[in-house]
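Engineer: Questions regarding the structure given below will be posed in turn.
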Amino acid sequence: MNEIGEETVFIPQVSNTSQIHRHSHNNQQLKEFILWFVLLICLLLLAGPFTHHLSYSVPTVKTRTSARHVFSEERALDYLINLTQYGSRVSNTRGNFDARDYLISQIKRICSPNKRYIQCELDLQNFADSQHNQLQNIIVRVSNTLNKSRNIPSVMLTAHYDSGTYV
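Sequential numbering of the sequence shown, starting at 149, is according to the working numbering.
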C-alpha cells in the first residue's frame with residue numbers, strides 16, 4: 149500500500165488587523181515627520197529676521213550733549229573737522245605743525261587735573277627721516293588714578309595725523 153504522506157506546511161496568515169496596524173504606524177511616522185519639518189520651517193522664519201536685525205543693527209549715535217564720560221560720535225566728528233581745518237598736513241609743513249599743536253592742546257585739556265579720575269602721560273618723540281624732515285610722534289598713556297596698583301590698566305592710542313598729497 150502506498151500511503152501518501154501529506155506534509156503540513158504552516159503558512160502564517162497575515163490578518164487584516166496587523167496590516168492596518170502597520171499602515172497606521174507608518175501614517176503616524178509621516179505625521180510626526182511633517183510636524184517636525186513644519187516646526188523647523190517656523191523656527192527658521194522667526195530666527196531669520198532676528199539674526200538679520202542683530203547682524204545689521206548699529207548703535208545709536210551719541211550727540212554732543214551726551215555725558216562727557218560717554219563716547220560721542222558728534223564730538224569725535226568735531227575733532228576731525230577741527231583737525232582738517234589746517235589743510236594739507238604733509239610732514240614738515242605748517243599744516244602738520246599746526247595739527248600737532250592742536251592735538252597736544254586737546255590732550256592737555258582732556259587730561260587737565262580737574263578732569264575725572266584719569267592720569268595722562270604725554271611724551272613727544274622727535275626724530276628726522278632720511279630727507280632730514282623734522283618729525284614728531286605724540287605718545288599718550290591714559291590710566292585710572294583710582295587704582296593704586298602698580299599694574300594699572302591703560303589705554304594707548306596710535307594714529308597718523310599727517311596727510312599726503314599725490315600728484
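Note that CB positions come from ideal geometry on N, CA and C, so glycine has one too.
Which first and last residues belong to the alpha helix (DSSP H) in which ARG289 is found?
Structural biologist: In the sequence shown, counting from the first residue as 1, residue 289 sits at position 141. First-last for ARG289: 282-292, but that is the beta strand (DSSP E), not the alpha helix (DSSP H).
Engineer: Counting only runs of 4+ residues fully inside the segment 179-234, write out the alpha helix (DSSP H) ranges in chain order.
Structural biologist: Entirely contained in the segment 179-234, the alpha helix (DSSP H) runs reaching 4 residues are, in chain order, 221-232.
Engineer: Between the alpha carbons of ASP310 and ASN244, how many angstroms are there, rounded?
Structural biologist: Position 162 of the sequence shown, counted from the start, is the residue given in the question as residue 310. Position 96 of the sequence shown, counted from the start, is the residue given in the question as residue 244. Looking at the two C-alpha atoms, the distance is approximately 6 Å.
Engineer: Measuring straight from C-alpha to C-alpha, what distance separates GLY235 and LEU228?
Structural biologist: On the sequence shown, position 87 is the one that residue 235 refers to. On the sequence shown, position 80 is the one that residue 228 refers to. Each residue's Cα considered, the two are about 12 Å apart.
Engineer: Distance check for LEU191 and TYR250, CA to CA, integer angstroms please.
Structural biologist: Indexing the sequence shown from 1 puts residue 250 at position 102. Indexing the sequence shown from 1 puts residue 191 at position 43. Rounded to the nearest angstrom, the two C-alpha atoms are 55 Å apart.
Engineer: Label ARG248 either buried or exposed according to how many other C-beta atoms from any shown protein chain fall within 10 Å of its C-beta, with 16 as the threshold for buried.
Structural biologist: Residue numbering aside, residue 248 sits at position 100 when the sequence shown is read from its first letter. The residue in question, ARG248, is buried, as its Cβ has 16 or more Cβ neighbours within 10 Å.
Engineer: Identify, in the order they occur along the chain, each residue of the same chain with its Cβ nearer than 6 Å to the Cβ of ASN281, setting aside the five sequence neighbours on each side.
Structural biologist: Position 133 of the sequence shown, counting from 1, holds the residue named residue 281. Excluding residues within five positions, the ones whose Cβ falls inside 6 Å are SER239 and ASN240.
Engineer: Would you please state the rounded distance, in angstroms, between the beta carbons of VAL209 and GLU222? I believe it to be under 8 Å.
Structural biologist: Here residue 209 refers to the residue found at position 61 when the sequence shown is read from its first residue. Here residue 222 refers to the residue found at position 74 when the sequence shown is read from its first residue. Right, the Cβ-Cβ distance comes to about 7 Å (below 8 Å), so this counts as a contact.
Engineer: Would you call VAL303 buried or exposed, if buried means 16 or more other Cβ atoms sit within 10 Å of its Cβ?
Structural biologist: Here residue 303 refers to the residue found at position 155 of the sequence shown. That one is exposed.
Engineer: For the ligand FAD, is there a heavy atom less than 7 Å away from the beta-carbon of GLU180?
Structural biologist: Judged by which ligands are present, the structure shown has none, so any question about the ligand FAD falls away.
Engineer: Can you tell me whether ALA307 is helix, strand or coil according to DSSP?
Structural biologist: Translated into the one-based positions of the sequence shown, residue 307 becomes position 159. Correct three-state label for ALA307: coil.
Engineer: From which residue to which residue does the beta strand (DSSP E) around ASN274 run?
Structural biologist: For this step, residue 274 is matched to residue 126 along the sequence shown. First-last of the beta strand (DSSP E) with ASN274: 266-276.
Engineer: Excluding sequence positions up to five away, which residues of its chain have a Cβ less than 6 Å from the Cβ of ILE266?
Structural biologist: Residue mapping note: residue 266 aligns to position 118 of the sequence shown, counting from 1. The residues are VAL290.
Engineer: Between the beta-carbon of ARG272 and the beta-carbon of VAL288, is there less than 8 Å?
Structural biologist: Position 124 of the sequence shown, counted from the start, is the residue given in the question as residue 272. Position 140 of the sequence shown, counted from the start, is the residue given in the question as residue 288. Position check: residue 272 holds Leu in this sequence, whereas Arg was assumed. Taking 8 Å as the Cβ cut-off, LEU272 and VAL288 do not qualify as a contacting pair.
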